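K.L.:
The structure is given below, and queries will be raised subsequently.
There are 2 protein chains.
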Amino acid sequence: MGIAAARRMHEPLDDRAFDVLFREARTYNAWLDKPVEDGQLRQLYDLMKWAPTSANSNPVRLVFIRTERARQRLLPALAAGNIQKVLTAPVTAIIAYDVKFFEKMPKLFPHNPRMRDMYANAPELVEVTARRNSSLQGAYFILAARSLGLDCGPLSGFDNAKVDDEFFGAGRECEGCDQEFFPEGHVKSNFLCNVGYGDPASLLPRLPRLEFEEACTLL
Amino acid sequence: MGIAAARRMHEPLDDRAFDVLFREARTYNAWLDKPVEDGQLRQLYDLMKWAPTSANSNPVRLVFIRTERARQRLLPALAAGNIQKVLTAPVTAIIAYDVKFFEKMPKLFPHNPRMRDMYANAPELVEVTARRNSSLQGAYFILAARSLGLDCGPLSGFDNAKVDDEFFGAGRECEGCDQEFFPEGHVKSNFLCNVGYGDPASLLPRLPRLEFEEACTLL
Chain A
1 MGIAAARRMH EPLDDRAFDV LFREARTYNA WLDKPVEDGQ LRQLYDLMKW APTSANSNPV
61 RLVFIRTERA RQRLLPALAA GNIQKVLTAP VTAIIAYDVK FFEKMPKLFP HNPRMRDMYA
121 NAPELVEVTA RRNSSLQGAY FILAARSLGL DCGPLSGFDN AKVDDEFFGA GRECEGCDQE
181 FFPEGHVKSN FLCNVGYGDP ASLLPRLPRL EFEEACTLL
Chain B
1001 MGIAAARRMH EPLDDRAFDV LFREARTYNA WLDKPVEDGQ LRQLYDLMKW APTSANSNPV
1061 RLVFIRTERA RQRLLPALAA GNIQKVLTAP VTAIIAYDVK FFEKMPKLFP HNPRMRDMYA
1121 NAPELVEVTA RRNSSLQGAY FILAARSLGL DCGPLSGFDN AKVDDEFFGA GRECEGCDQE
1181 FFPEGHVKSN FLCNVGYGDP ASLLPRLPRL EFEEACTLL
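What follows is the structure, encoded as structure tokens:
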């Protein structure tokens, strides 16, 4: 990047961007009757993928549930209060992580071949890294969706083990199940995120946030 | 929000926003000689605080290290490869989480007083919730900083226990240490993030990302 390009990057975005990303964006539980196209999900991934992860590990794996049949498979894992939210959302993403993310490191971190082995030999570090970085990537997902004009409804009220069993073959030997996604039992769910166009009529007043002094300190 | 306001929210942002947030933004390890003002850190928090967390729990706590004296306290915890990066950054944020975040829930989730007790009685859920949501908030931090024209350099190569001991009084009784931040030993570090104006001359070519088909599936 040249000096002029860097200078443009150092100009703040405008008020509309701050509103769309943060100040006016809301979590939605009810949706307008307006579909989300597969092309938009590809655009979303093509934005979020660029944001940073530890050693470029990119552990997130995403399952986009768009069909009624796939949605039905998710329902038994949901907390009661979340069933209606998922039933009515155009798309529900399972934000998951691959505990064998390091197998992609020869592609993602090609200048240091030892990085793969460092992770392969440290299962605790793998779990911490995969959870932290798939959470970061889940947040990139939410803000990338908003930047594309979509609304989100993230959910963590569900049974992770049931989702992992149903969608990721947790604990199963997987001969003959290679038509399913990530069949070898090494992907785990982190959280869910409904995606669509939120119905503004469904919004309640906004909840408060912590003041700077409650959450931050300057040293 | 009215229908017209919602319609404006459903318009995508423009190419410059996509570039600043995702496509052209980079992780920096070297910085231009240009300070970051405290007012910018307050602006940053005032954007990121609006993005979603589980039950509005907002577990993140941020320590902004700006002075040489505070920076020296951080150095012994850093991996060797990260010392120079922190020494030269205008600001280093400790992205941390409060395992007693639920004590703020009467303010943050006032319509359901049982939420505080639900967390207070479930220490495992507290740890998972605090880690996941402080990671989400760490990602909101990174993208809010970029939206303000700042660059980031997130780091997880450090000794969390040393940081928690040095800055958060981990394991110590805290009578008489109430001049320090979060003195009661219930805040833990998640990751670090340098903040400043990145030096474009320091950039190496960008590392690859996974293709949509490697990281995502449509069901």
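Read top to bottom, the protein sequences are chains A and B.
For the first sequence, our numbering assigns the number 1 to the initial residue and increments by one for each residue that follows.
For the second sequence, our numbering assigns the number 1001 to the initial residue and increments by one for each residue that follows.
The beta carbon of each residue, even a glycine, is placed where N, CA and C say it ideally should be.
Predicted, not measured: the structure shown is a model, and the values here were computed from it.
Apply the 10 Å Cβ neighbour rule to Cys177(A) and answer buried if 16 or more other Cβ atoms are within range, or exposed otherwise.
P.N.:
With a pLDDT of 47 at Cys177(A), under the threshold of 50, the modelled position of that residue is not reliable, and no figure is offered here.
K.L.:
Starting from the C-beta of Pro1035(B), find all residues in its chain whose C-beta is less than 7 Å away, skip the five residues before and the five after it, and write them out in chain order.
P.N.:
For Pro1035(B), where only same-chain residues beyond five positions count, the Cβ hits under 7 Å are Pro1090.
K.L.:
Between Met105(A) and chain C, is the shortest Cβ-Cβ distance under 8 Å, so that the two count as touching?
P.N.:
Within the model displayed, chain C is absent; protein chains A and B are what it includes.
K.L.:
Determine the DSSP secondary structure at Phe1191(B), reduced to helix, strand or coil.
P.N.:
Residue state, collapsed to three classes: strand.
K.L.:
With respect to the beta strand (DSSP E) encompassing Thr1092(B), which residues constitute its N-terminal and C-terminal limits?
P.N.:
Where Thr1092(B) is concerned, the enclosing beta strand (DSSP E) stretches over 1091-1098.
K.L.:
Report yes if the CB atom of Cys1216(B) is closer than 8 Å to the CB atom of Leu62(A), and no otherwise.
P.N.:
Cβ atoms of Cys1216(B) and Leu62(A): closer than 8 Å.
K.L.:
Hey, would you say Gly169(A) sits closer than 8 Å to Gly185(A), going by beta carbons?
P.N.:
Yes, the Cβ-Cβ distance between Gly169(A) and Gly185(A) is below 8 Å.
K.L.:
At a CB-CB cut-off below 8 Å, which residues of chain B make contact with Asn112(A)?
P.N.:
By Cβ distance, chain B contributes nothing, its closest Cβ being about 11 Å from Asn112(A), past 8 Å.
K.L.:
Confirm, please, whether the CB-CB distance from Ala144(A) to Phe1022(B) is below 8 Å.
P.N.:
Their beta carbons are under 8 Å apart, which means Phe1022(B) touches Ala144(A) by this criterion.
K.L.:
My output table needs one value for Phe1109(B): the three-state DSSP class, helix, strand or coil.
P.N.:
Three-state result, Phe1109(B): coil.
K.L.:
Quick one, which residues of the stretch 1052-1072 of chain B are near chain A if we go by CB-CB under 7 Å, in chain order?
P.N.:
Those would be Pro1052, Ser1054, Asn1056, Asn1058, Val1060, Arg1061, Leu1062, Val1063, Phe1064, Ile1065, Arg1066, Thr1067, Ala1070, in chain order.
K.L.:
Examine chain A for any beta-carbon lying closer than 8 Å to the beta-carbon of Ile1003(B), and answer yes or no.
P.N.:
It does: the Cβ of Ile1003(B) has a partner Cβ on chain A nearer than 8 Å.
K.L.:
At a Cβ threshold of 8 Å, is Pro12(A) touching chain B?
P.N.:
Pro12(A) counts as touching chain B.
K.L.:
Given 8 Å as the limit, is there contact between the stretch 1129-1148 of chain B and the stretch 122-132 of chain A, that is, 3 or more CB pairs closer than that?
P.N.:
With the cut-off at 8 Å, the stretch 1129-1148 of chain B and the stretch 122-132 of chain A touch.
K.L.:
Using beta carbons (cut-off 8 Å, strictly below), is Ala1077(B) in contact with chain A?
P.N.:
Judged by the 8 Å Cβ criterion, Ala1077(B) is not in contact with chain A.
K.L.:
My assumption, with CB atoms under 8 Å, is that Leu1155(B) sits in contact with Ile1094(B). Please give the rounded CB distance.
P.N.:
The Cβ separation is near 10 Å, so there is no contact.
K.L.:
Can you name the residues that DSSP bridges to Asp151(A)?
P.N.:
DSSP, once it has assigned bridges, lists Gly196(A) as partnering Asp151(A).
K.L.:
Look up Thr129(A) in the DSSP assignment and say whether it is helix, strand or coil.
P.N.:
Correct three-state label for Thr129(A): helix.
K.L.:
Beta-carbon within less than 6 Å of Glu1166(B)'s beta-carbon, same chain only, minus the 5 sequence neighbours each way: which residues are those?
P.N.:
Arg1073.
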